[in-house]
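Asks: Please find one structure pasted underneath; my questions will follow.
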Amino acid sequence: MTRKRILSAIQPTNSSLHIGNYLGAVKQWVEFQNENDAFYCVADLHALTVETDPEVLRSRTLAAAAQLIALGVHPEKCTLFLQSHVAAHSQMAWIMECMTGFGEASRMTQFKDKSQKSGSERTVVGLFTYPMLMAADILLYQADYVPVGEDQRQHIELTRDLAGRFNSRFGKTFQMPEPYILKASSKINDLQDPTSKMSKSASSNQGILDIMDSPQVNAKKIKSAMTDTGREIRFDEKEKPGISNLLTIHSSISGRSIADLEIEFAGKGYGDFKGAVAEVFVDYFSPIRERALDLINKENELLDILHEGAKKASEVAGATLESAYSKVGLAR
Ligand code: TYM
């Protein structure tokens, strides 16, 4: 297979990534970087859509980069950078905003959900134009694949619509990106409310498995996860959402199939099974957490890596921006 261009990003909206971010997206980033030309960014500009203390945003941004590296995103195998370090993202976002219909943007479900929760007076315009900045992130790199969780599908559909619209109006400029969404782990659910997505903004603290939490805290959360009536360990998302979610988590971390786990736990109780999930989780994430904590303390090293990444990213992004600017008729 020829090398493909990959682009993905994560928002630094918390001091820790959660297991949904890892299994839904970052684990695939790590796999893609070996054989492909991958660009991964911390979407710090996107995080400005939520009001955050400046010091907190800064430290979350660097902590997100440290966690990505600790999870296996290797700065020598891919290009890792901060969105705000590459000016072309904001510049291309304007072009995308001028290509997007107001009604079209109003139909984005994440915008509808979030703006309904906070009310129109407290919703910033940046939340409305957020998907156009995301389209810019993707199209600037001529990405073939965008590895994400299910919740980003609609944004990538919009990106595809914008790429198609631009290309047909002004001539082929952008590669048409494809979402890369793994069926098995594209929606990890909340431990306390296993029919809803695990989410930094919506889940209660007890429902979220943060990779930077201590092993004891996470083991406890897993052991007190909401389970279903009955006592069988069986994958059935409708009847047994809690157990199915834990099976997905175990299987995605351990690499064992769900069928295999069902056989191993046949006749055993929920307690035994949750204990096993906690063990797999803790064994896997404890060294990752240590590595991330170590990197977070080496701020200069981290910034050097990110500046190096931004240089490489700017070359690719700058060329695409120039081409788009001249295609739309901005005099060069
Ligand atoms: P963000 O920061 O909310 O999440 C980062 C990645 O984690 C995935 N994810 C999940 N996957 C499975 N189960 C879950 N419970 C779960 N929660 C989150 C997300 O789908 C995502 O892949 N808008 C994006 C960031 C972004 C971006 C981009 C992504 C900005 N520019 C360009 C791709 C390409 C976001 O808010 O993801």
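Under the numbering used here, residues 51 to 382 are what the sequence shown spells out, in order.
Glycine is no exception: its CB is placed at the ideal position from the N, C-alpha and C atoms.
Please read these numbers as outputs of a predicted model, since none were measured by experiment.
1) Using the three-state DSSP reduction, which class does HIS96 fall into: helix, strand or coil?
2) Closer than 8 Å by C-beta to ILE261: which residues in its own chain qualify, once you throw out the five before and the five after it? Chain order, please.
3) So TYR191 and HIS96 are in contact, right, with Cβ under 8 Å, and what is the actual spacing, rounded?
4) In whole angstroms, what is the alpha-carbon distance linking GLY176 and SER251?
5) Report the rounded CA-to-CA distance for LYS162 versus ALA155, giving the unit in angstroms.
6) For PHE131 and LEU356, which I take to be in contact (beta-carbon distance under 8 Å), what is that distance rounded to the nearest angstrom?
7) Hey, would you say the C-beta of ASN71 is under 7 Å away from at least one heavy atom of ligand 1?
8) Among SER165, ASN64 and SER218, which one has its Cα closest to the Cα of THR111?
9) Can you say whether LYS348 is buried or exposed, counting buried as having 16 or more other CB atoms within 10 angstroms of its CB?
10) Whole angstroms are fine: how far does the CA of ILE308 sit from the CA of SER301?
11) Curious, which full-length alpha helix (DSSP H) runs of at least 4 residues does the stretch 64-117 contain?
12) Are there 16 or more other CB atoms within 10 angstroms of the CB of ASP263, so buried, or fewer, so exposed?
13) What I want to know is whether the C-beta of ASP187 ends up closer than 7 Å to one or more non-hydrogen atoms of ligand 1.
14) Cutting at 6 Å between CB atoms, please list the residues of its own chain near THR129, excluding the five before and the five after it.
15) Among all the DSSP beta bridges, which residues are the ones paired with PHE60?
16) Using DSSP's beta-bridge definition, name the partner residues of PHE131.
17) Considering Cα atoms alone, identify which of ILE303, PHE152, ALA186 and GLU289 is closest to PHE178.
18) Assign VAL136 to one of three DSSP states: helix, strand, or coil.
19) Within the present structure, is the beta-carbon of GLY325 separated from the nearest heavy atom of ligand 1 by less than 7 Å?
20) Which residue from THR52, ARG55, SER134 and GLY321 puts its Cα closest to that of CYS91?
21) Curious, which full-length alpha helix (DSSP H) runs of at least 4 residues does the stretch 296-361 contain?
22) Between ILE258 and ALA113, how many whole angstroms is the CB-CB distance? I'm expecting something under 8 Å.
23) Relative to the C-alpha of GLU105, which candidate in MET184, THR279 and PRO62 has its C-alpha closest?
24) To test your reading of the DSSP string, which unbroken alpha helix (DSSP H) runs of 4 or more residues are found completely within the stretch 144-214?
25) State the Cα-Cα distance for the pair VAL330 and CYS148, rounded to the nearest angstrom.
Replies: Straight from the coordinates:
1) Residue mapping note: residue 96 aligns to position 46 of the sequence shown, counting from 1. Three-state DSSP puts HIS96 in a helix.
2) For this step, residue 261 is matched to residue 211 along the sequence shown. Here the set comprises SER66, LEU67, HIS68, ILE69, TYR72, GLN117, LEU121, PHE335, ILE338, ARG339 and ALA342.
3) Sequence index remark: in the sequence shown, residue 191 carries index 141 (1-based). Sequence index remark: in the sequence shown, residue 96 carries index 46 (1-based). Rounded, the Cβ-Cβ distance is 16 Å, inconsistent with contact.
4) Counting from one through the sequence shown, the residue named residue 176 turns up at place 126. Counting from one through the sequence shown, the residue named residue 251 turns up at place 201. Spanning the alpha carbons of GLY176 and SER251 requires a straight line of approximately 17 Å.
5) Reading the sequence shown from its first residue, position 112 is the one you call residue 162. Reading the sequence shown from its first residue, position 105 is the one you call residue 155. Those two C-alpha atoms are separated by around 10 Å.
6) Locating residue 131 in the sequence shown gives position 81, counting from the first residue. Locating residue 356 in the sequence shown gives position 306, counting from the first residue. About 6 Å separates the two Cβ atoms, so the contact holds.
7) Indexing the sequence shown from 1 puts residue 71 at position 21. ASN71 Cβ: within cutoff of ligand 1.
8) Position 61 of the sequence shown, counted from the start, is the residue given in the question as residue 111. Ranked by Cα distance from THR111, the options SER165, ASN64 and SER218 are led by ASN64.
9) Reading the sequence shown from its first residue, position 298 is the one you call residue 348. The residue is exposed, with fewer than 16 neighbouring Cβ atoms inside 10 Å.
10) For the purposes of this step, residue 301 is taken as residue 251 along the sequence shown, with counting starting at 1. For the purposes of this step, residue 308 is taken as residue 258 along the sequence shown, with counting starting at 1. Cα-Cα distance, rounded: 6 Å.
11) Correct list: 77-83 and 94-97.
12) Position 213 of the sequence shown holds residue 263. Result: buried.
13) Taking the sequence shown and counting its residues from 1, one reaches residue 187 at position 137. Indeed, a heavy atom of ligand 1 lies less than 7 Å from the Cβ.
14) Working through the sequence shown from its first residue, we reach residue 129 at position 79. Hits under 6 Å: PHE89, GLY359, LYS362 and ALA363.
15) Numbered from its first residue, the sequence shown carries residue 60 at position 10. First, the residue type needs correcting, since residue 60 is Ile and not Phe in the sequence shown. VAL92.
16) As a working mapping, residue 131 is identified with position 81 in the sequence shown. PHE131 is bridged to CYS91.
17) Indexing the sequence shown from 1 puts residue 178 at position 128. The shortest C-alpha separation from PHE178 is found at PHE152.
18) Here the question's residue 136 lines up with position 86 in the sequence shown. Here VAL136 sits in coil by DSSP.
19) Your numbering for residue 325 matches position 275 in the sequence shown. Result no, Cβ not under 7 Å from ligand 1.
20) The count along the sequence shown starts at 1 and reaches residue 91 at position 41. When each option's Cα is compared against that of CYS91, the closest is SER134.
21) 308-314 and 320-346
22) To locate residue 258, count along the sequence shown from 1; it is residue 208. To locate residue 113, count along the sequence shown from 1; it is residue 63. Not really, about 16 Å apart at Cβ, beyond 8 Å.
23) For the purposes of this step, residue 105 is taken as the residue at position 55 of the sequence shown. That would be PRO62, whose Cα lies nearest to the Cα of GLU105.
24) Correct list: 152-156, 159-168 and 175-189.
25) In the sequence shown, the residue the question calls residue 330 occupies position 280. In the sequence shown, the residue the question calls residue 148 occupies position 98. Their backbone Cα atoms lie some 48 Å apart in a straight line.
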